[in-house]
Amino acid sequence: MTPQMTLAERQAIIDRIINTQPDDFVQAVRDAGLDPSVDLAFIDLIGADLSRADLQGANLEGVNFRDVKFQDFHRDDRANLSGACLRGAFLCAVNLQYISLDSADLRYADLSNSCLYDTSLNFANLEGANLTNAEMKGVYLDGANLKNANLSGADLTYTSGEATLQRADLSGANLSGANLEGANLESANLSGANLENAKLDNGINFSAARLVGACLVNANLEDAQMHFCDLSNADLSGADLSDADLSYASLKDTKINEATKLDEKWRLVWEIINKQAAGKDLSHKDLSDANLRYANLSGACLASSDLSRTDLRNANLSYANLSDANLTKTQLRDANLEGVNLENARCHRVRLPEKYGKVHPQNWQADWYLEESNTELRRLLTEVIPTQNWQADWYLKESNTELRRLFLEVIPTEKMQPQWLLSERNSEVRRSLIQRIGYTRIANELQAVELDSWQEYTLLKIEAKVDVEPIHILKMTCPSTRSIHTLRVPPNLQTARQAIRWVNWDIDPEEFSVQT
């Protein structure tokens with residue numbers, strides 16, 4: 092901020108600039124001796140023309156933007172506010188159409204009744220912001236933080252494209268009465284959000300969204316995509332979920348009532364999860380793609396039922412009748428299968444030999460994995476066998492990429508060998524191996540070649556083909572403790588000093604007053 096200049100003095104200068112209506116507002120601010128990146132905080136910019144302003148990363152905290160012009164459609168000019176600090180700014184009833192506010196700080200800003208058509212707010216921080224009755228058709232809110240924001244009455248319907256709120260944090264947000272028709276809320280966090288009377292039909296995408304404890308009373312969720320959605324403890328009283336896709340959705344402790352419109356299949360899933368299902372006759376039922384984790388189905392009759400792709404992990408299926416049932420791709424990790432009847436059951440890709448069906452998973456043996464030739468069954472075994480019983484050399488014997496990656500997550504690092512990198516063809520598995528083993532061990536055991544050295548720094552190259560591109564490593568030895576630290580550097584660097592400059596943001600090591 093310009094030294095020795097009060098807010099009133101800065102405001103007087105800005106008022107004069109606004110009155111002259113310059114073509115380039117930001118340049119006029121600079122010409123007046125102010126820094127547009129810091130000297131506009133808490134200023135009234137009423138009526139200013141910012142259509143050509145580049146205020147990326149600027150501090151605009153508490154600014155009054157009433158009647159500000161952010162775009163000029165005739166000249167195709169628009170302001171850039173990406174990364175700007177707009178905390179507590181007054182943007183009520185302002186037209187921000189097409190403006191970039193990506194990663195902007197809009198905490199507690201007033202955006203009520205504003206026009207945000209096709210506005211880009213990806214990863215913006217809108218915590219506690221007031222967005223009541225805002226026009227937000229086609230808005231981009233991917234990864235945005237809307238925690239405790241007020242979006243009551245906001246219109247998030249789509250025009251040419253859908254409103255995008257993927258991975259957005261809407262926990263505790265007020266969306267009562269909001270129009271979210273067709274919006275994309277995939278993987279969004281709506282825990283504790285208020286969606287009472289919200290319009291959410293026309294196939295809204297809630298896939299993998301978190302709605303724990305959310306209020307969805309009387310919400311219209313017709314045709315909604317809600318697979319993998321966590322609805323535990325949510326209130327769905329009076330909500331319309333007709334034709335909604337609830338595949339793998341968690342309905343544990345979800346509240347529904349007689350007015351809740353729920354397809355017969357998903358109402359049955361809700362009853363199995365939340366009511367007594369042990370010993371119940373569930374034969375010939377369609378329970379495919381359902382989330383029945385931890386369900387108590389002991390002694391239940393599921394004969395001829397469709398359980399394909401159903402999640403039955405940790406479920407109690409002891410002495411259940413699964414004869415003639417369809418168990419194609421069914422997930423049964425940690426399920427209690429004691430005494431289960433699998434006669435004539437279809438177990439494609441989840442083949443369960445007789446010994447697995449009769450023995451409780453906690454007693455399954457590690458050597459069964461080595462005996463088993465079926466990939467899907469080996470995967471089932473790896474999910475159940477205690478990891479302390481796994482052997483490092485299983486990684487070398489395993490041809491399935493997914494299972495090799497699984498081994499790398501649990502095999503102790505000290506048992507991993509850098510030589511494995513030489514035979515590993517999958518790039519993702521190689522990266523995982525490199526991360527777990529570390530460059531120090533890799534350099535030592537794969538006999539890295541010294542390219543150059545300078546004082547306590549050595550530039551090494553691993554000649555072996557370990558990664559997609561050559562691996563150059565900067566080895567740093569602490570002069571006082573003699574401890575060694577290694578860091579991967581770009582392969583185009585050929586000297587130790589070049590590598591040090593790269594590590595230190597292009598600052599030559601001799602420019603440091605003290606070297607560490």
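For the sequence shown, this note's numbering assigns the number 92 to the initial residue and increments by one for each residue that follows.
Built from N, CA and C at the ideal position, the CB exists for glycine as well.
Helix, strand or coil: which one does DSSP assign to residue 552? strand
Tell me, please, whether the region 184–192 touches the region 163–171 by the rule of three or more beta-carbon pairs shorter than 8 Å. Output reads yes: the region 163–171 touches the region 184–192.
For residue 201 versus residue 183, is the C-beta distance shorter than 8 Å? Yes; because the gap between Cβ atoms is below 8 Å, this pair is in contact.
Of the residues 143, 162, 400, 176, the one placed nearest residue 151, counting alpha carbons only: 176
Close Cβ partners of residue 285 (< 7 Å) along its chain, the five nearest in sequence each way excluded: 265, 266, 267, 306
Verify whether the separation of the beta carbon atoms of residue 386 and residue 370 is less than 8 Å. no
Short Cβ contact (8 Å threshold) for residue 133 with residue 159: No, the Cβ-Cβ distance between residue 133 and residue 159 is not below 8 Å.
Quick one: what does DSSP say residue 544 is sitting in, helix, strand or coil? strand
Let me know if residue 198 comes out buried or exposed under the rule of 16 or more other beta-carbons within 10 Å of its beta-carbon. Label assigned to residue 198: buried.
Pick from 143, 208, 517, 217: whose alpha carbon is nearest that of residue 179? 217
Could you give the distance in angstroms between the alpha-carbon of residue 250 and the alpha-carbon of residue 228? Legend: pLDDT at residue 250 = 40, less than 50; position of this residue unreliable, value from coordinates given subsequently. Cα to Cα, residue 250 sits roughly 6 Å from residue 228.
Nonlocal neighbours in the same chain, by C-beta distance under 6 Å from residue 486, ignoring five residues either side: 495, 498
Identify which residue in 331, 259, 219 has its Cα closest to the Cα of residue 287. Comparing Cα positions, the closest option is 331.
Compare the Cα-Cα distances from residue 336 to each of 347, 395, 357, 348 and report the closest residue. 357
Range of the contiguous beta strand (DSSP E) that encloses residue 347: Annotation for residue 347: no beta strand (DSSP E) segment contains it, and DSSP assigns it neither H nor E.
Closest Cα partner of residue 389 within the set 396, 492, 411: Among 396, 492, 411, the Cα nearest to that of residue 389 belongs to 411.
Would you please state the rounded distance, in angstroms, between the beta carbons of residue 333 and residue 349? I believe it to be under 8 Å. Not a contact, Cβ separation roughly 15 Å.
Have a look at residue 393 and residue 417 and give me their C-alpha separation to the nearest angstrom. 10 Å
Can you tell me whether residue 367 is buried or exposed, with buried defined as 16 or more other CB within 10 angstroms of its CB? exposed
Close-in-space but distant-in-sequence residues of the same chain around residue 162 (CB under 8 Å, 5 per side omitted): Result list for residue 162: 142, 168, 169, 170, 186, 188, 189, 190, in chain order.
May I ask you to report which of helix, strand or coil DSSP gives residue 526? helix
Evaluate residue 344 with the Cβ neighbour count: other Cβ atoms within 10 Å of its Cβ, from every protein chain shown; 16 or more gives buried, anything less gives exposed. exposed
Determine the direct distance from the alpha carbon of residue 139 to that of residue 112, and round the result to whole angstroms. 8 Å
Would you kindly work out how many angstroms separate the C-alpha atoms of residue 579 and residue 562, rounded to a whole number? 7 Å
Output the boundary residues of the beta strand (DSSP E) element that contains residue 566. Under the DSSP assignment, residue 566 falls in the beta strand (DSSP E) whose first and last residues are 562–568.
Could you name the residues that DSSP lists as bridge partners for residue 168? 163
Where does residue 432 fall in DSSP's three states? strand
Which residues mark the beginning and the end of the alpha helix (DSSP H) in which residue 154 is found? Unbroken run through residue 154: none, as it is neither H nor E.
Assuming residue 111 is part of the alpha helix (DSSP H), what are its boundary residues? 98–111
First and last residue of the uninterrupted alpha helix (DSSP H) at residue 364: According to the DSSP assignment, residue 364 belongs to the alpha helix (DSSP H) that extends over 355–365.
Name the residue from 317, 206, 413 whose alpha carbon lies nearest to the alpha carbon of residue 432. 413
Answer with yes or no whether the minimum CB distance from residue 490 to chain B is below 8 Å. No chain B appears in this structure, which consists of one protein chain only.
C-alpha gap between residue 243 and residue 396, whole angstroms: 43 Å
Exposed or buried, what is residue 110 when buried is set at 16 or more other beta-carbons lying within 10 Å of its beta-carbon? exposed
Round the Cβ separation of residue 542 and residue 565 to the nearest angstrom and send it over; I've been treating them as touching at under 8 Å. The beta carbons of residue 542 and residue 565 sit about 10 Å from each other, so the pair does not count as a contact at 8 Å.
Looking only at DSSP bridge pairs, what is residue 206 linked to? 186, 226
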